[in-house]
Structures are given as structure tokens and as C-alpha cells.
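Scroll down for the structure; my scribbles are underneath it.
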Amino acid sequence: SIPLSEWLPNAYATYNVTNSSPGSTDQYVSLSGVALENHNLDWNVQQGYSNREDASGGVYGNYRGSTGSVNAGYSYAKHSQLINYGLSGGVLMHADGITLGQEMSETAVLVKAPGLKNVRLENDATIETDSRGYAIIPYVTPYHRTNVTLDSTTLGNNMELPNTTQKVVPTRAAVVRANFAGNIGRRAFLILKRASGENVPYGATVTSTTDKNAQASIVSDGGMVYMSGLKDNGEVYAQWGSKTGQQCKAAYSLAREIEGIAQTTAVCHQQGK
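Below, the structure written as C-alpha cells:
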């Protein structure tokens, strides 16, 4: 075998010569490799020839995706031609519905990450969550701890995942669940100003009154606070003490045309006024 990475990444060429009987020589050459970003596609091209004027060859490909695999091939010989194809995969019924995946062994993991769609798994780069945030890891070892990790680099601009890894220990012939809780919504730096023009104090706790998915955050220098899981328009509540003058609410509005992390200033009005 000869690696061809210099000209064709992730590919190998093989050449064989066989003398099966006096005066009979068979030659065989094959080119194979993997393709696509996550090596989802395996492919092979082969050609054979003998001095008896017999030729044979074929082309084969297999694609593995989150919801299954598809393969197809074509081969020929002196007196025959053959086309083959196939589909394989798995269907898992669970409390939250149905999830499609690759062909499963008796022990598997169901990944549940509601709202986090099309997020890749580091366990297997050919697997990513579906439109609801579910995925199947089809092969795991029973009675061994398995770290299920989501690839944070594939999260969308409106997604944030505080914990990207969950640990599970499946028993034999079981399907265990790995639960992930992400924040779905806008991310923003809010600069909170009091009605007097002063910044909301450092260390104040800020929560959203309109977005249940938003996490509580702490104000840093300059009245700035980072929040995720926000809507385009909403309201936040800031508190830095138990007295009335140490609490306020601020309405904010985020520009829709900005992708990634937005920034805006909002006036925080004291409660009761």
C-alpha cells in the first residue's frame, strides 16, 4: 500500500501481481480512502486484469450519517455486471418520541439536548443532534463509564452550553440517557445604568423577568453584565441588597441584525417608582 496524502488526502493505492499458474498473470490495482470533513464517506475504486484478456473492476462507497448509513457499488467482470446498494440504521422509541440513528448494538446512549440542534458529538464526529436536539451513540461498553461530550465549536450563535460533558455508566442491553441543559436565545452584554446615571453596582445579581431560559448573572465593572438565553426584547431584574433602593428593573432591546454577542445599554428603574 502506498499513501497518497501528498496528492489525495486520506487515500491509499494498492498494487498486486499474482502468478496463479504457468503463463497466467493477474494484476490488481486499488485506490481507497475516506472523504468529507468528518470522514463520513469511505470509498474504493479497483481494477484487475489478466493476460487471459479477463478484466474486472468496481466502485464502492459507504456514507455514515447521524440517522444511518447508505452504501452503493458497481462491479463488473468478463461475463457479468453487478449493482448493489443498501441502507441501515436504527430507530429508538423513548418517552420523548422517536429518534433515528445508526445501527445500534444492545447497549447505547440517548443524548437529550433540547433545542440544541445540529450539534456534533466528540465521541463520533459522524453523529450530530437532530432538529429537536436528540442523538444516539450506537455502541458503548456496558458497565464502563462513558463520557458523552458535545462539540462546543458546532453550537449556533443562539446557543450556550454551560456543561459540555455528561458521564453515564450503562448496564448491559440498556439505553441510558445523557441529559444536557443549554440556553437557547440571544447572547448579550448589557450595560445597566440607574436613573441617576450611575452604573448598577459591581456584584449585583441580574435575572431575566421575561425569559425563563436565561441564566442569572453578576454585574462586573462599569455596570456590564453578560447574559444568554435572551429574546430580542425583554426585561431584567437587578438586585444588590434587600432594600427598595437596591433593586431595579431594566427593559432592553437587542438589534436583530447582529449575530453572535450583542451589546446594548439599558436604564434600570428603581422598584416602586
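Everything in the sequence shown is counted per the working numbering, starting at 1 for the first residue and increasing by one. Glycine included, C-beta positions come from ideal geometry on N, C-alpha and C. Computed from a prediction, not measured in an experiment: that's the story for all the values here.
Note on geometry: alpha-carbon atoms of E160 and G65 lie some 24 Å from one another. Looking at the backbone, the Cα of V91 and that of G97 are separated by about 11 Å. Taking a C-beta distance under 8 Å as the contact criterion, G245 and Q263 do not qualify as a contact pair. When the alpha-carbon of A77 is set against those of N233, G58, G222 and R120, the nearest one is in G58. Beta-bridge annotation (DSSP): S20 is not paired with any residue.
Cβ-Cβ distances below 7 Å link N157 to E259 and G260 in the same chain, with the five nearest sequence neighbours on each side left out; the list follows chain order. By the beta-carbon neighbour count (other beta carbons within 10 angstroms, threshold 16), V169 is exposed.
A Cβ-Cβ distance of about 7 Å is found for the pair S50 and S24, placing them in contact under the 8 Å criterion. Bounds of the beta strand (DSSP E) holding H94 are G90 to H94. Taking 4 residues as the shortest admissible run, the region 141-214 contains no complete alpha helix (DSSP H) segment at all. The C-alpha of K112 lies about 6 Å from the C-alpha of A178. In this structure, A250 sits near V236, with a CB-CB distance shorter than 8 Å. Around the beta carbon of N183, 16 or more other beta carbons sit within 10 angstroms, so the residue counts as buried. The C-alpha of D54 lies about 27 Å from the C-alpha of N62. In this structure, the beta-carbon distance from G241 to G185 does not fall below 8 Å. DSSP places H269 in the uninterrupted beta strand (DSSP E) bounded by I261 to Q270. Judged by DSSP in its simplified three-state form, Q27 adopts strand. Counted as a single uninterrupted DSSP element, the stretch harbouring R132 is not any beta strand (DSSP E), since DSSP gives it neither H nor E.
Here the alpha carbon of N199 sits roughly 43 Å from the alpha carbon of N147.
For E235, the uninterrupted beta strand (DSSP E) run begins and ends at N233 to Q239, by DSSP. Residue state for G222 is assigned as helix, using DSSP reduced to three classes.
From the listed residues Q46, T164 and S105, the smallest Cα separation to V119 is found for T164. Pairing P114 with G133 gives a Cβ-Cβ distance under 8 Å. When DSSP reads this structure, T99 sits in a beta bridge with L92.
Note on the region 52-87: whole beta strand (DSSP E) runs with a minimum of 3 residues are 55-65 and 68-77, in chain order.
Within the model, the alpha-carbon separation for V45 versus Q215 is close to 53 Å. When the five nearest sequence neighbours on each side are left out, the beta carbons in the same chain lying within less than 6 Å of the beta carbon of V225 are those of L190, V206, S217 and V219, in order along the chain.
In the DSSP assignment, G48 falls within the unbroken beta strand (DSSP E) covering L41 to S50.
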